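Take a look at the structure below.
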Amino acid sequence: MLADLPFELLSQIALHLPTAQSFYYLSLTCRRLCQFVAEDGWRTFAQHRFPSIPTAPHWKEASHALSTLSRNWDRRALAARYIHPDGLILRLPEGQRAQKWQKPQGQSMGFQPVIDAYEEWASDRWASRREVLTFSAGAELLFRIKDRGLEAAPGFTPHNADHRHPDSERYPARVHWVVYKPPEARQGLDDVTCLRLLRSLDSVRLNTAAESYEKLIFGTAKGDLKLVSISLLEDAGNGSDVTNATFATNQRPVRSMDLIPDGSRLATCLSDSTLALYPVPTENENQRITPSSEVDVLGGRTAGPPKRLWSTRWLSSDRLAVGLGPCDKPLHVYQVTESGLDAEPIRKFGIDGTEWGCDDRIDLRPEAAKRISSVYPIVTLPATSEAGHAAGNVFLTGCYDGIIRLHDLRSPHAHVSSYWDPIDDSAIYSLQAFGRERLAAGSAQSCAVKFFDLRVSGGRAYHYLDIRQAKSKSSSTLPRNDSFNRHGPDRRGWNLFLAPRPGNVENSRGSRRHPYNAGRREAQRAAESPIYSLCSPAPYSPSLFAGIENNIVQIDFTSTTDKHPDPLLSSELSEHRKSGHVDQPTWDSGGRVVNLAMYEHTLTGGIDLKVQVSPSEAANRRGMLEGYDDRWRESPKWRR
29 MLADLPFELL SQIALHLPTA QSFYYLSLTC RRLCQFVAED GWRTFAQHRF
79 PSIPTAPHWK EASHALSTLS RNWDRRALAA RYIHPDGLIL RLPEGQRAQK
129 WQKPQGQSMG FQPVIDAYEE WASDRWASRR EVLTFSAGAE LLFRIKDRGL
179 EAAPGFTPHN ADHRHPDSER YPARVHWVVY KPPEARQGLD DVTCLRLLRS
229 LDSVRLNTAA ESYEKLIFGT AKGDLKLVSI SLLEDAGNGS DVTNATFATN
279 QRPVRSMDLI PDGSRLATCL SDSTLALYPV PTENENQRIT PSSEVDVLGG
329 RTAGPPKRLW STRWLSSDRL AVGLGPCDKP LHVYQVTESG LDAEPIRKFG
379 IDGTEWGCDD RIDLRPEAAK RISSVYPIVT LPATSEAGHA AGNVFLTGCY
429 DGIIRLHDLR SPHAHVSSYW DPIDDSAIYS LQAFGRERLA AGSAQSCAVK
479 FFDLRVSGGR AYHYLDIRQA KSKSSSTLPR NDSFNRHGPD RRGWNLFLAP
529 RPGNVENSRG SRRHPYNAGR REAQRAAESP IYSLCSPAPY SPSLFAGIEN
579 NIVQIDFTST TDKHPDPLLS SELSEHRKSG HVDQPTWDSG GRVVNLAMYE
629 HTLTGGIDLK VQVSPSEAAN RRGMLEGYDD RWRESPKWRR
């Protein structure tokens, strides 16, 4: 009998169970197998099927959440909102409260936001979390603090209307906003160009007064680089911001920066050519920090087209990558020792490929000439014993030529894999990796985010579409989707346009508008905006934040018709008594969910264009597509 086997053998058998539902049914068979699933089964499933996504040891909830999230990715199930400070807003350092936040005015174009966010557990419950989102709006910094769960928000109950907020639709969350503008900062001159939150090193963060201050480092176009502590309490008053350190830049513009994982060192790109390292102080007192090491990456060379530094990224505690260009070797990797940066990089990467020719494009130089490009964003992939490499060996870069390259420091080749869109070859301005499973890339035009499966060692081990085909082959009641039947589950990359289709946002009165009543000119600029930044609070989070011109878009990978969503999102979900379907008004009570469009590549080289309908229309089965979320429909004739 299966129940008589020791737990060690049961663990080996459990590796072959394909779904979380399989473990649930196994737990119903007898008391001993129920004990095995509770003690070891859920952990086995979460760690084996999602090896590159770390999570807290709430294994049953984690298995539910991660498998649901993977299914939502495969089905393109998402809900997007334009987020904006609302409700009672605290302005610092004045300590004043405002009912409305006004976007920066008087500039020829909207602000270009940079984003950082993190999420931490507030207690030993899966749904009790604290999410901190910060982004720049010109010279201002905006913070959204979302406390989920009863423990994280003392005195809050899901039915207490005083704590309801349009951003919290279906979550029992407490949300408040803080807007910080450094004293004497001027819009257009002191715009924030980069920022990093100094998140807690503890895996569990409690809501205590001692931890009510958020530390962050931000740099500006004018050359200011500061470490500040800002109180994010709702009752913070005047003087709730403290400058802990000022980093000496000699008034050179701060182009990019990155913080080492342990928070002890800061790497920055100053002006067009200088790479500088700074120690990060731990004492809470104002001090001036000078660079511990500086290197002129360009070495004063002016031959060829003008070039500059674009980005920097810590690969590990002793290796630092720098993106520059345009040049034939736009990626440099430096060794960092206790004494500082080495004068010369340990390796320079070109852009020449080793495959059949993703780089062989007619707009590039002939074979006899050196190919040049620029490297913009750099992101690392988490280390994994299954892939057999240490931290920092494998990383991704986004380039001017529209190609995302996967680099491996152990390989002699310039890159070992590449990802690109044959339809849109615009530059890649931002990247966000989700473990070793998926990749989001921000395009330089058309307000488009590109999504790819990474397909690397130690990556995806759970495929909802494969499991779907392995189940019963009984005929579906849904209309057949020809592209899905023809190409099967192996769909290629896909692009999501974040500019809402005109007039597709429904408010509480039933009329339709653009998010936040944007004018025609602003709406047009948003439709053509680059994706300046991408950020996800955690690898297991269903949320992705995208910074476009003058706006921030939140994309939640969740289905509006799912009766069993991630436990984080289901606390206030209600259903109609008769039909059992999700009550849509409780999901989108603020009317902020926008309808987007996407196209995806097929195996035959074509593209399929699809559009979303509103959450209230999702229950109408007419036009539903097999294999997709209920909100997707085949696109009618439509022009962005």
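The sequence shown maps to residues 29 to 668 in our numbering. Ideal Cβ placement from N, Cα and C applies to all residues, glycine included. Given the structure is predicted, the values throughout are model-derived calculations rather than measurements.
Using a 10 Å radius around the Cβ and a threshold of 16 neighbouring Cβ atoms, would you call residue i buried or exposed?
{"i": "residue 277", "result": "buried"}
{"i": "residue 79", "result": "buried"}
{"i": "residue 626", "result": "buried"}
{"i": "residue 143", "result": "buried"}
{"i": "residue 652", "result": "buried"}
{"i": "residue 523", "result": "buried"}
{"i": "residue 138", "result": "buried"}
{"i": "residue 640", "result": "buried"}
{"i": "residue 451", "result": "exposed"}
{"i": "residue 440", "result": "exposed"}
{"i": "residue 44", "result": "exposed"}
{"i": "residue 172", "result": "buried"}
{"i": "residue 26", "result": "The chain is shown from 29 up to 668; residue 26 falls before or after that span and cannot be answered."}
{"i": "residue 404", "result": "buried"}
{"i": "residue 255", "result": "buried"}
{"i": "residue 41", "result": "exposed"}
{"i": "residue 592", "result": "exposed"}
Within its chain, find whatever has a CB closer than 6 Å to the CB of residue i; leave out the 5 residues flanking it on each side and keep chain order.
{"i": "residue 364", "result": "346 and 348"}
{"i": "residue 437", "result": "421"}
{"i": "residue 95", "result": "48"}
{"i": "residue 284", "result": "222, 297, 339 and 340"}
{"i": "residue 428", "result": "401, 402 and 455"}
{"i": "residue 270", "result": "257"}
{"i": "residue 483", "result": "none"}
{"i": "residue 566", "result": "147"}
Could you compute how far the alpha carbon of residue i sits from the alpha carbon of residue j?
{"i": "residue 295", "j": "residue 123", "result": "32 Å"}
{"i": "residue 207", "j": "residue 217", "result": "18 Å"}
{"i": "residue 339", "j": "residue 430", "result": "16 Å"}
{"i": "residue 350", "j": "residue 650", "result": "51 Å"}
{"i": "residue 315", "j": "residue 579", "result": "34 Å"}
{"i": "residue 464", "j": "residue 81", "result": "8 Å"}
{"i": "residue 327", "j": "residue 399", "result": "21 Å"}
{"i": "residue 466", "j": "residue 481", "result": "5 Å"}
{"i": "residue 655", "j": "residue 103", "result": "6 Å"}
{"i": "residue 410", "j": "residue 91", "result": "20 Å"}
{"i": "residue 220", "j": "residue 246", "result": "7 Å"}
{"i": "residue 661", "j": "residue 646", "result": "10 Å"}
{"i": "residue 99", "j": "residue 311", "result": "46 Å"}
{"i": "residue 602", "j": "residue 596", "result": "Confidence is the limiting factor: at residue 602 the pLDDT is only 47, short of 50, which leaves the residue's position unreliable, though a coordinate-based value still follows. Distance between the alpha carbons of residue 602 and residue 596 is about 14 Å."}
{"i": "residue 336", "j": "residue 125", "result": "42 Å"}
{"i": "residue 274", "j": "residue 288", "result": "18 Å"}
{"i": "residue 342", "j": "residue 249", "result": "22 Å"}
{"i": "residue 629", "j": "residue 86", "result": "37 Å"}
{"i": "residue 642", "j": "residue 570", "result": "20 Å"}
DSSP puts residue i in a beta bridge; with which residues?
{"i": "residue 29", "result": "Answer by DSSP bridge pairing: none, since residue 29 is not bridged."}
{"i": "residue 662", "result": "638"}
{"i": "residue 111", "result": "580"}
{"i": "residue 243", "result": "257"}
{"i": "residue 376", "result": "360"}
{"i": "residue 460", "result": "468"}
{"i": "residue 174", "result": "159 and 203"}
{"i": "residue 628", "result": "522 and 636"}
{"i": "residue 220", "result": "248"}
{"i": "residue 295", "result": "286 and 305"}
{"i": "residue 124", "result": "119"}
{"i": "residue 477", "result": "470 and 524"}
{"i": "residue 368", "result": "365"}
Could you name the residues of the same chain whose beta carbon sits closer than 7 Å to that of residue i, not counting the 5 residues immediately before and after it, in chain order?
{"i": "residue 213", "result": "167"}
{"i": "residue 563", "result": "143, 144, 145, 460 and 573"}
{"i": "residue 141", "result": "163, 164, 165, 560, 561, 575 and 580"}
{"i": "residue 299", "result": "280 and 281"}
{"i": "residue 657", "result": "103, 104, 105 and 587"}
Please list, in chain order, all residues of the same chain as residue i whose beta carbon is under 8 Å from its beta carbon, the five residues on each side excluded.
{"i": "residue 442", "result": "377, 378, 379, 380, 381, 382, 433 and 435"}
{"i": "residue 444", "result": "382, 434, 435 and 436"}
{"i": "residue 66", "result": "55 and 88"}
Shorter than 8 Å from the beta carbon of residue i to some beta carbon of chain D?
{"i": "residue 131", "result": "Here chain D cannot be found, since the structure has a single protein chain."}
**Study point:** Inter-stretch contact at 8 Å, needing at least 3 Cβ pairs: the stretch 574-594 / the stretch 107-125
**Key:** yes
Review point. Is there contact here, the stretch 65-79 with the stretch 166-175, by at least three beta-carbon pairs under 8 Å?
Key: no
Check your understanding: With contact counted as at least three CB pairs below 8 Å, one residue from each stretch, are the stretch 554-566 and the stretch 438-458 in contact?
Key -> yes
Review point. Can at least three beta-carbon pairs, one atom from the stretch 110-121 and one from the stretch 149-157, be found at a separation below 8 Å?
Key: no
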